[in-house]
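The next block holds one structure in the form of structure tokens; read it before the comments.
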Amino acid sequence: MTFHSHTFHYQPDRNDDYSYPAAIMATDLSTGETVSAILRVDHPAAPAAHDARAVAALHKLIDEFYANFTIGIPFHEVPTGDHITCECNPDVEGDDIDAALTMLMQVHVTGPAQLAAGAYETFTIDYRPNQTEHYPLAIFSYHQTSGRFTGFALAEPNPFLPRLNRQQKRTIKREMDAFFHRLNAGNAQEALSRLDRPRFGVFRIDHYHTRNIHKALQLGITDLYMAHFGDSAEEFDDEIEDYWDYLDDLEDLEDLEDLDDFDDFDDFDDFEERSA
């Protein structure tokens, strides 16, 4: 039997081009029988934005679409609602429509959604002049599913740093030069493990379920300013916007460096709690 199918993509925010695969409809072309499956809210592959409202919208649009569906007429990326688009998949062969639906969900929904929704662990490398103070010097993000790891040093003048003496400036420069030298050599695990502790540490910002590593870094930068400056963070809106523009440009050019050898990241759990 031949099965025709469509993947429905949900876009939580119409002002943001991020969307994720959220549902499958499959049709047996020999009988016209149609079945559907929608990504559960509590499924491990479900992004944070996949909530009851998304499921209800998908139910409504799928019902309306298939009420007027003509078997054998494929279509591609046809808008079906304010937040939903639909994509025609290649036909597949099988003996049972339910088994075909399960396979199609794994191929077109839960697999891609799991990759897209995998949490980006986002953190900073901080300078610690004493046990109670720490000041971010660089920001990084790590995708727990794909292993992608990347980031950059914060721009100068660094607004997070207090007034430093000459010795402190030399200490920071020496440590960051060594750190980025190891990163650029492809030794991400070594770079993190060989930080001069306790004068330097790794501090978690948050983990983000978002479409790519650039967006995770944008969210991390914003939250970093909010954590350190609170209500005064709006004074740095221009700086935050500059970081966002920088990352948008890198995303367009696909020019942000990956460090793909970070296979042992799961073994590196020496994060410290961030405090304002």
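The numbering of the sequence shown is this note's numbering, which starts it at 196 and goes up by one. All C-beta atoms, glycine included, are put in the ideal place defined by N, C-alpha and C. For clarity, every value in this text was computed on a predicted model and none was experimentally measured.
Each of Leu-390, Thr-317, Ser-214, His-402 was checked against the Cα of Lys-368, and the nearest Cα belongs to Leu-390.
By the neighbour-count criterion, in which a residue is buried when 16 or more other Cβ atoms sit within 10 angstroms of its Cβ, Arg-361 is exposed. Fewer than three pairs of CB atoms, one per stretch, sit closer than 8 Å, so the stretch 291-306 makes no contact with the stretch 242-256. With contacts defined as CB atoms closer than 9 Å, His-423 and Pro-331 qualify as a contacting pair. In the three-state reduction of the DSSP assignment, Tyr-420 falls in the helix class.
Taking Arg-394 as the centre and dropping the five residues before and after it, the same chain places the C-beta of Arg-323 closer than 6 Å to its C-beta, in chain order. With fewer than 16 other beta carbons inside 10 angstroms of its own, Tyr-261 counts as exposed. For Gln-206 and Ala-373, the gap between their C-alpha atoms comes out near 42 Å. Taking 9 Å as the cut-off, the Cβ atoms of Phe-318 and Ser-336 count as close. No Cβ-Cβ contact shorter than 9 Å links Ala-295 with Val-304. Within the stretch 364-428, the runs of alpha helix (DSSP H) that reach at least 4 residues and sit entirely inside it are, in chain order, 383-388, 408-424. Per DSSP, the unbroken alpha helix (DSSP H) holding Met-300 starts and ends at 292-300.
Under the three-state reduction of DSSP, Tyr-213 is assigned to coil, being neither helix nor strand.
Around the beta carbon of Glu-351, fewer than 16 other beta carbons sit within 10 angstroms, so the residue counts as exposed. In its chain, beyond the 5 residues on either side, His-245, Asp-246, Ala-247, Val-250 have a beta carbon closer than 7 Å to the beta carbon of Val-236. For Val-230, the uninterrupted beta strand (DSSP E) run begins and ends at 229-233, by DSSP.
DSSP places Ala-252 in the helix class (H, G or I) of the three-state scheme. The beta carbon of Ala-232 is closer than 6 Å to those of Ile-219, Leu-296, Met-300 in its chain, skipping five residues each way along the sequence. When secondary structure is reduced to three states using DSSP, Val-236 falls in the coil class, being assigned neither helix nor strand.
Listed in chain order, the non-local C-beta contacts of Gln-413 below 6 Å within the same chain comprise Trp-439, Leu-442, local neighbours out to five positions each way being set aside. Residue pairing of Ser-336 in beta bridges, as defined by DSSP: Thr-317, Thr-345. In the structure shown, Asp-223 falls within a strand segment according to DSSP collapsed to helix, strand and coil. Assigned with DSSP and collapsed to three states, Thr-327 falls in coil, not helix or strand. With respect to Thr-226, Tyr-315 sits apart: the two C-beta atoms are not nearer than 9 Å. A direct Cα-Cα distance of roughly 10 Å separates Val-302 from Asn-284. Between the alpha carbons of Cys-281 and Arg-377 lies a gap of roughly 45 Å.
Assigned with DSSP and collapsed to three states, Ala-350 falls in coil, not helix or strand.
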